[in-house]
Amino acid sequence: MSEQAIRVLVVEDDPVAADAHALYVDRVPGFAAVGKAHNAAQARRLLLRAPVDLILLDLYLPDGHGLELARSLRAAGHRMDVIAVTSARDLAVVREGVSLGVVQYILKPFAFATLRDRLLGYARFRAAAGEAGSQDEVDRALATLRPSRPAALPKGLSAPTLETVVRTLRVAPAGLTAAATAASAGISRITARRYLEHLVEQGRVERSPQYGQVGRPELHYRWLTAD
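Heads up: the sequence shown begins at 355 in our numbering, then just goes up one per residue.
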């Protein structure tokens, strides 16, 4: 790890998602994932051993809400920033997070490009130094935390349809085939397969063959990430 790298602690209860997020962080120049915690208590123990600059924080942890962890860290004197990674869309939670050092929110599911853009914006914000000479300079510094454009999904995929597929999988703990996903989501089987494979690439979905009595096995997709 470079001495100048921004040190990131990944706090995520789902081990598959935690591994994926840490790999994503390490792929961004200037950042290094220095630890993974699967609950709030583990995060506190890790922070006692080594300081970090940034926490990539899931808000739904098995031993408490992520914002409660952020609040307790602030009370204990920790001054690292926080990027919330969550499926929560409650704007009241967003407002509360701002006061606790949450500088950005990333909604699940997301692609590597989304996290990369947020991290690079955060790096530019951290690098800003000196005294602002005008309101415009202050505005420009704050604007680095926000993406200049929405992160693009792979060509041919849309965010609304992706959310529909994700919701469909979340309510089917045993998983679904592409055909079953298509029927439930109201899309074609080919379209469902494209979205499911995209989610597999993100590490959000597990793909496994399902063997029947005759013919070739059919692929089965199961949602992995706990929110």
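Glycine included, every Cβ here is placed at the ideal spot set by N, Cα and C.
**Request:** Determine which residues share a DSSP beta bridge with Lys462 and list them.
**Result:** Note: Lys462 sits in no beta bridge, so no partner.
**Asked** What is the rounded straight-line gap between the Cα of Val452 and the Cα of Asp407?
**Response** 17 Å
**Asked** Whose C-alpha, out of Leu473, Glu555, Ala481 and Arg480, is nearest the C-alpha of Leu507?
**Response** Glu555
**Request:** Could you spell out the range, first to last residue, of the beta strand (DSSP E) harbouring Pro563?
**Result:** Val559 to Gln564
**Prompt:** Can you tell which of Leu413, Arg398 and Leu523 has the C-alpha that lies nearest to the C-alpha of Leu550?
**Reply:** Leu523
**Message:** Pull the bridge partners of Asp368 from the DSSP assignment, please.
**Reply:** Beta-bridge pairing links Asp368 to no other residue.
**Request:** Please determine if the segment 416 to 432 and the segment 371 to 390 are in contact, where contact requires at least 3 C-beta pairs separated by less than 8 Å.
**Result:** no
**Chain-order list of residues whose beta-carbon lies under 7 Å from that of Ala397 (same chain, five-residue window excluded)** = Leu363, Val365, Ala391 and Leu423
**Asked** Which value, in whole angstroms, describes the spacing of the CA atoms of Asp471 and Asn393?
**Response** 26 Å
**Request:** Return helix, strand or coil for Ile544, following the three-state DSSP convention.
**Result:** helix
**Asked** By Cβ distance below 6 Å, which residues in the same chain neighbour Glu572 in space, the five residues on each side in sequence not counted?
**Response** Thr531 and Gln564
**Request:** Within 10 angstroms of the Cβ of Arg558, are there 16 or more other Cβ atoms? Answer buried if so, exposed if not.
**Result:** buried
**Message:** The alpha helix (DSSP H) that contains Gly510, what's its start and end?
**Reply:** Neither: Gly510 is in no alpha helix (DSSP H) and is coded neither H nor E.
**Prompt:** Alpha carbon to alpha carbon, how far is Leu400 from Phe466?
**Reply:** 25 Å
**Asked** Excluding five sequence neighbours on each side, which residues of the same chain lie with their C-beta closer than 6 Å to the C-beta of Leu553?
**Response** Val559
**Where the beta strand (DSSP E) through Arg399 begins and ends** = Unbroken run through Arg399 is the alpha helix (DSSP H), Ala394 to Arg403; no beta strand (DSSP E).
**Item:** DSSP three-state assignment for Asp380, whether helix, strand or coil
**Value:** helix
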